Amino acid sequence: MSTTASPELEPAGPETPALPAHAPEAHAPTTAAPGALYSWFTTVDHKKIGTLYLLTAVLFFAVGGIEALVIRLQLARPNNTLVSPDTFNQLFTMHGTTMIFLVVMPALSGFANYLVPLMIGARDMAFPRLNAFAYWTLPLGGFLLHFSVLAGGAPSAGWFSYAPLSETAYSSTMGTDYWILAVIVLGIGSVSTALNIIATVITLRAPGLTMQRLPLFVWMTFVTQILVILALPVLNASLAMLLIDRQLDAHFFTGGTGGGNAVLWEHFFWAFGHPEVYILALPAFGMISEIIPVYSRKPIFGYEFVAASTVAIAILSFGVWAHHMFAVGMGHTTDLFFAAGSMLIAVPTGVKVFNWVATMWGGSLRFTTAMMFAVAFLLEFVVGGLSGITFAAAPIDWQVTDTYYLVAHFHYVAVGGVAFAMLGATYHWFPKMTGRLLSEKLGRANFWLMIVGFNMTFFVQHFLGIMGMPRRVFTYPDLPGWGALNLVSTVGAFIMGFALLLFLVNIAVSLRSGQVAGDNPWDAWTLEWATTSPPPEHNFFEVPPVHGRRPLYDLAHAPAAPPPAEGPLVPAAAEGGAPAAEHTGRLDKLDKFRVMMWGFIASETSFFGVLILSFGFYNARLEGGPTAASSLDVGKTAAFTVCLFASSLTLHQAEKHLEHGKGAASVRWLLVTVILGLVFLVGQAHEYIGLFDSGISVATNLFTTSFFTLTGFHGLHVTIGLVALTIILGLASQRRQPGSPGSKGDTGEHPQLVPLKTIGLYWHFVDVVWLVVFTIVYLRAK
Amino acid sequence: MTPPRGVAVLPPFETHSAQARAIADLFTQTLIVCGIILLVVTFLVTYCVVRFREKDPKKEPVQTAGHTRLEITWTLIPVLIVAGLTLLTARTMASSDPPADREPDITVIGHQWWWEVRYRSGAVTANEIHMPVGRDVLVALESADVIHDFWVPQLGRKIDVTPGYPTHVWLEADAAGTYLGTCAEFCGAQHAWMRLLVVAQSPEEFAAWDQHEREPAPNPTDPEAAKGARLFVDMTCAQCHAIRRPGVTITQPNSGPDLTHVAERTTLGAGVLDNDEKNLWRWLKDPQGIKPGSHMPSVQLSDKKATDLVTYFETLR
Chain A
3 MSTTASPELE PAGPETPALP AHAPEAHAPT TAAPGALYSW FTTVDHKKIG
53 TLYLLTAVLF FAVGGIEALV IRLQLARPNN TLVSPDTFNQ LFTMHGTTMI
103 FLVVMPALSG FANYLVPLMI GARDMAFPRL NAFAYWTLPL GGFLLHFSVL
153 AGGAPSAGWF SYAPLSETAY SSTMGTDYWI LAVIVLGIGS VSTALNIIAT
203 VITLRAPGLT MQRLPLFVWM TFVTQILVIL ALPVLNASLA MLLIDRQLDA
253 HFFTGGTGGG NAVLWEHFFW AFGHPEVYIL ALPAFGMISE IIPVYSRKPI
303 FGYEFVAAST VAIAILSFGV WAHHMFAVGM GHTTDLFFAA GSMLIAVPTG
353 VKVFNWVATM WGGSLRFTTA MMFAVAFLLE FVVGGLSGIT FAAAPIDWQV
403 TDTYYLVAHF HYVAVGGVAF AMLGATYHWF PKMTGRLLSE KLGRANFWLM
453 IVGFNMTFFV QHFLGIMGMP RRVFTYPDLP GWGALNLVST VGAFIMGFAL
503 LLFLVNIAVS LRSGQVAGDN PWDAWTLEWA TTSPPPEHNF FEVPPVHGRR
553 PLYDLAHAPA APPPAEGPLV PAAAEGGAPA AEHTGRLDKL DKFRVMMWGF
603 IASETSFFGV LILSFGFYNA RLEGGPTAAS SLDVGKTAAF TVCLFASSLT
653 LHQAEKHLEH GKGAASVRWL LVTVILGLVF LVGQAHEYIG LFDSGISVAT
703 NLFTTSFFTL TGFHGLHVTI GLVALTIILG LASQRRQPGS PGSKGDTGEH
753 PQLVPLKTIG LYWHFVDVVW LVVFTIVYLR AK
Chain B
224 MTPPRGVAVL PPFETHSAQA RAIADLFTQT LIVCGIILLV VTFLVTYCVV
274 RFREKDPKKE PVQTAGHTRL EITWTLIPVL IVAGLTLLTA RTMASSDPPA
324 DREPDITVIG HQWWWEVRYR SGAVTANEIH MPVGRDVLVA LESADVIHDF
374 WVPQLGRKID VTPGYPTHVW LEADAAGTYL GTCAEFCGAQ HAWMRLLVVA
424 QSPEEFAAWD QHEREPAPNP TDPEAAKGAR LFVDMTCAQC HAIRRPGVTI
474 TQPNSGPDLT HVAERTTLGA GVLDNDEKNL WRWLKDPQGI KPGSHMPSVQ
524 LSDKKATDLV TYFETLR
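Note that the protein sequences, when read in sequence, are chains A and B. This note's numbering puts the first residue of the first sequence at 3, with every later residue one more than the last. This note's numbering puts the first residue of the second sequence at 224, with every later residue one more than the last.
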């Protein structure tokens, strides 16, 4: 087992040039210079932002962990009275919400943020300022969530907040409202990061780095972001509807009263919630896929199968959500469909496990702490995955769902799986981020205490569940064995807490006095190891040539042949995208703005899809009150609809004229577009006022609620589009001197062309949504 | 609550109905399959850890990148396993959860945090279901407020009790005894104390119980008990609780449990207390202290008033 930092990559032969010597000061691990604190608040650098995510995640991990320890203390003995029932319910709600939205998702964003640009040889993310924005939604969301404690009490309806328990009748404090707002804000941040990562991976890869050569961490993170942009908007739409219920007296989910449907909340929530667990798991799989090969000194076994199985999991993850609802009683046909899908999704996961084992097989294994966590991951995650299989068999679920057997299952996959992977990832990449190795001695103590603590806490919970103990109970009767096993679990939790404390101590101590790491202490092969530890602000002095999946391995093992014609060293990819080299395809040439906007359109499709589904669902079951046919004036709406559609045509004209450099004409078309958009908004406002005047409000019946929600959010999107178009209009109508900032650059392209085309895409999408809404709501009105 | 004697340790495996047995069998089969898979993976990982430890840092292992045939094999075999388990699942779903094919024998309504139990025969009780051994009983489930879940593991599956979404479950017990159940969907502050009991009796005993439950409570003859009966109305208890008595009409029957035969029940407060005089007295004095958040307010009952009420309730057999 190697503990010494290996020197920079030794070239294989004299003809193969060494990587350029780096400036000496780049070797020393940088510590924050005085006055640099401000730079952390204003940074747009992906490495700093990644670090901020990780540090914030650690902070919230402590909060969520303390919540867990109090929960375990309360449950240590039967009939305990350490905390009141209501406090307990707030604790487990906050624990779950914190761990998922304030710890694991941010930590994974942190790792992704830090590593993805480095691993693809880029200088930064595609949109550094969007990156910073996305980070700052995290402290805001965390603050909103925790402010509830001071505003009447934290949310207490559980992290998935089933209705009608989460409706005002049964959750009367503002806790649930703060929960809703916090999660909405955090979701916006997640989607922003996802768009950024997708655009970055598609457009900023170093020459030679085809999609098929992506490091698996990058590939799995990339696939995860596609899940994010499709799943998080489902949650946000549902949260908006719940907030409308709570604050505007509507009845989307009130469970029978006013036509509301409690099961619909469950469907919407789990349609987000199941992809969410893969959003948590897939990046962890990516980390393992980097770590195990390095410490086995072999490439990942079956790269294509590991990559393909990731896509299979992503696709299947949208088809299994109702396995969280087997107990609802939706009927055997429905249950069986989801049971079959849930069993099936185990297969691609199993494929990964076998490939990881096969990677180790025949390798030369070095048991650094990172590798130990990765191996432990394999076993713990398989336990969690197998208990998941038992749940997929619906009748078994009918016995053990909502018991501690379930609590055991998801902690095995989330902690034994995802958290262990992140711990391993920290030991693996901390040297790159800080320039120092974490202590292996403390690492071993950390590891073994985690193994003992984690398994002690959660293994016994399998038994508690089968013994009949339901979850989310603040106490339990003194049934045989319940007290003893709960006590064991509590002791285990404290051991785990201590293990994690050691982890933090390791970080603190090693930051100060850890062994200097050098560029590539682990003899790894991906591009992040081809620069200093920590990397310079621009990431690379020179990006090595990429001809395969392991660029540094290839460099070290290159045959003694003359270097390739274009030169072995290529400058780091500039932000605008490097010229395409061998094996790179069309993907590299795509405009990053268009990629980002199409991604955003996909997320908005998901959001509006839920609202449209909701409208259709409720309007098929109206029981009296106003209907579309009785209350809407199709003719009037058609008139301002025509204006909206016309605005797409005029916008297209504006784009065309700007493409041909006819700035003045373009501005005129753009002005007409904005005016047409305003006409639409005024028309919609007029319609709303008319409805209010006739006594119709959001809460009148489920037609009016879903109508106002759907058209209201659409109107909001039109408004935002108009603001953006007006800004572009203003910028485009200013005359510019050649050579001044914002004037036509080398490409001869008008500086507003890319923004116009990008916002144009958004605007056309908003029109398409209206086409669908107008058809469903107005034209097919009953 | 004090657990009954001989309470099951692993209720889903200590089954007393055909439905629960079907699930237990599937559980056992699936655990065996999963256990084998776990053993195989553990063995493989352990073997790698031991056998392939780095011995010579200078020697690079063979850089095997993959093996397509192996990939196909370890994809196909799990698919087959999964297909087999799905078949077993489908079969067990049918045998463990038969459809409702007649009028329900019992309607159970979930409330925060107690179970209302209404028999087709007219009997009404709370938190305790009696049934005859060896006969299938069809239970219809509704919720009066939030989502609950009805779960008696020794007798069968759990089923959500969702407002606006009626469900059903079959109960069947092959042996006399008391089977523990509980609410299994988080339903608010006192979800932990929304327990229930299923008491399976011989058909004769059940018939007698059912007959008795349908009868109103006798008017109290003892003067202390009579005082208690008057207090029951004066302290507004009758606003939420029904006690069916001759000559008394029930107006608001079910905000709280029916108390007509409360003294016969095993527990109070849906399992938070054993049902005896002392506990009943404590409960009447301070329900919020015992089950905080429950919908029964703590009124200012003097000790004497509480005693009188207890005396009255003890006649409600």
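Just so it is clear, CB atoms sit at the ideal spot from N, CA and C, and this is done for glycine as well. A quick note: this is a predicted structure, and the numbers were derived from the prediction, not measured.
Determine which residues share a DSSP beta bridge with Ala349 of chain B and list them. B:Glu339
Where are the alpha helix (DSSP H) runs, 4 residues long or more, that stay fully inside the stretch 279-357 of chain A, in chain order? 305-318 and 334-346
Beta-carbon proximity of Leu188 of chain A to Thr259 of chain A, cut-off 9 Å: no
Ala245 of chain B touches chain A at which residues, Cβ-Cβ below 9 Å? Pro397
Between the Cα of Gln463 of chain A and the Cα atoms of A:Phe63, A:Arg74 and A:Leu39, which residue gives the shortest distance? A:Arg74
Same chain only: Cβ atoms within 7 Å of Phe595 of chain A, ignoring 5 sequence neighbours per side: Val756 and Thr760
Does any CB atom of chain A fall closer than 9 Å to the CB of Phe316 of chain B? Sequence inspection shows Met at residue 316 of chain B; the Phe mentioned does not correspond to that position. By this cut-off, Met316 of chain B is an interface position.
Between the alpha carbons of Pro537 of chain A and Thr436 of chain A, how many angstroms are there, rounded? 9 Å
Kindly give me the distance between the Cβ atoms of Ser158 of chain A and Asn82 of chain A, rounded to whole angstroms, as I take these residues to be in contact under 8 Å. Not really, about 18 Å apart at Cβ, beyond 8 Å.
Pick out whichever of B:Gly229, B:His391, B:Ala247 and B:Leu378 has its Cα sitting closest to the Cα of Val330 of chain A. B:His391
Sorted by chain position, which residues of the same chain lie with C-beta nearer than 8 Å to Ile513 of chain B's C-beta, five sequence neighbours on each side aside? Gly492, Val495, Leu496, Arg505 and Trp506
Extent of the continuous alpha helix (DSSP H) run through His371 of chain B: From DSSP, His371 of chain B is part of no alpha helix (DSSP H) but of the beta strand (DSSP E) over His371 to Trp374.
Do the CB positions of Gly67 of chain A and Trp161 of chain A come within less than 9 Å of each other? no
Same chain, Cβ closer than 8 Å to Ile398 of chain A, five either side skipped, listed in chain order: Thr392
Touch check for the stretch 622-629 of chain A and the stretch 229-240 of chain B: three-plus C-beta pairs under 8 Å? no
Between His334 of chain B and the rest of its own chain, which residues show a CB-CB distance below 7 Å, the 5 nearest in sequence each way excluded? Ala367 and Asp368
Given this structure, state the Cα-to-Cα distance separating Ala286 of chain A from Phe340 of chain A, to the nearest angstrom. 25 Å
What are the residues in the stretch 273-304 of chain A lying within 7 Å of chain B by C-beta distance? Arg299, Lys300, Pro301, Phe303 and Gly304
With a cut-off of 8 Å on the beta carbons, I'd call Thr315 of chain B and Ile246 of chain B a contact; round off their distance for me. 6 Å
I'd like to know whether the C-beta of Ser478 of chain B is nearer than 9 Å to at least one C-beta of chain A. no
Does the count of Cβ pairs from the stretch 597-604 of chain A and the stretch 681-689 of chain A closer than 8 Å reach three? no
Residues within the stretch 313-334 of chain A neighbouring chain B, beta-carbon criterion of under 7 Å: Ala329, Val330, Gly331 and His334
What does a CB cutoff of less than 7 Å around Val2 of chain A pick up in its chain, not counting 5 residues either side in sequence? Because chain A is modelled from 3 through 784, residue 2 of chain A falls outside the range shown and cannot be assessed.
Between A:Ala423, A:Trp531 and A:Arg670, which lies nearest to Leu110 of chain A when the distance is taken from Cα to Cα? A:Ala423
Assuming Glu365 of chain B is part of the alpha helix (DSSP H), what are its boundary residues? Unbroken run through Glu365 of chain B is the beta strand (DSSP E), Val360 to Ser366; no alpha helix (DSSP H).
May I have the straight-line CA-CA distance separating Gly411 of chain B from Leu167 of chain A, to the nearest angstrom? 7 Å
What does the alpha-carbon distance come out to for the pair Gly714 of chain A and Thr706 of chain A? 11 Å
From this set, A:Leu132, A:Ala264, A:Thr492 and A:Leu245, which residue's C-alpha is nearest Tyr620 of chain A's C-alpha? A:Ala264
Where are the beta strand (DSSP E) runs, 3 residues long or more, that stay fully inside the stretch 97-175 of chain A, in chain order? none
Whether or not the stretch 192-205 of chain A and the stretch 124-135 of chain A are in contact is what I'm after, with contact meaning three or more pairs of Cβ atoms, one per stretch, closer than 8 Å; do they touch? yes
In chain order, what residues of the stretch 468-486 of chain A put their CB closer than 8 Å to some CB of chain B? Ile468, Met469, Gly470, Pro472, Arg473, Arg474, Val475, Phe476, Thr477, Tyr478, Pro479, Asp480, Leu481, Pro482 and Gly483
CA-to-CA distance, Phe460 of chain A to Ser649 of chain A, given in whole angstroms: 59 Å
Please confirm if Ala575 of chain A has its CB atom under 9 Å from at least one CB of chain B. Below a pLDDT of 50, predicted positions are generally treated as unreliable, and Ala575 of chain A, at 42, falls in that range; the measurement from the model is reported next regardless. Not an interface residue.
What separation, rounded to the nearest whole angstrom, lies between the Cα atoms of Ala529 of chain B and Asn498 of chain B? 15 Å
For Gly258 of chain A, the three-state DSSP class (helix, strand or coil): coil
Can Gly679 of chain A and Cys645 of chain A be called in contact, C-beta distance under 9 Å? yes
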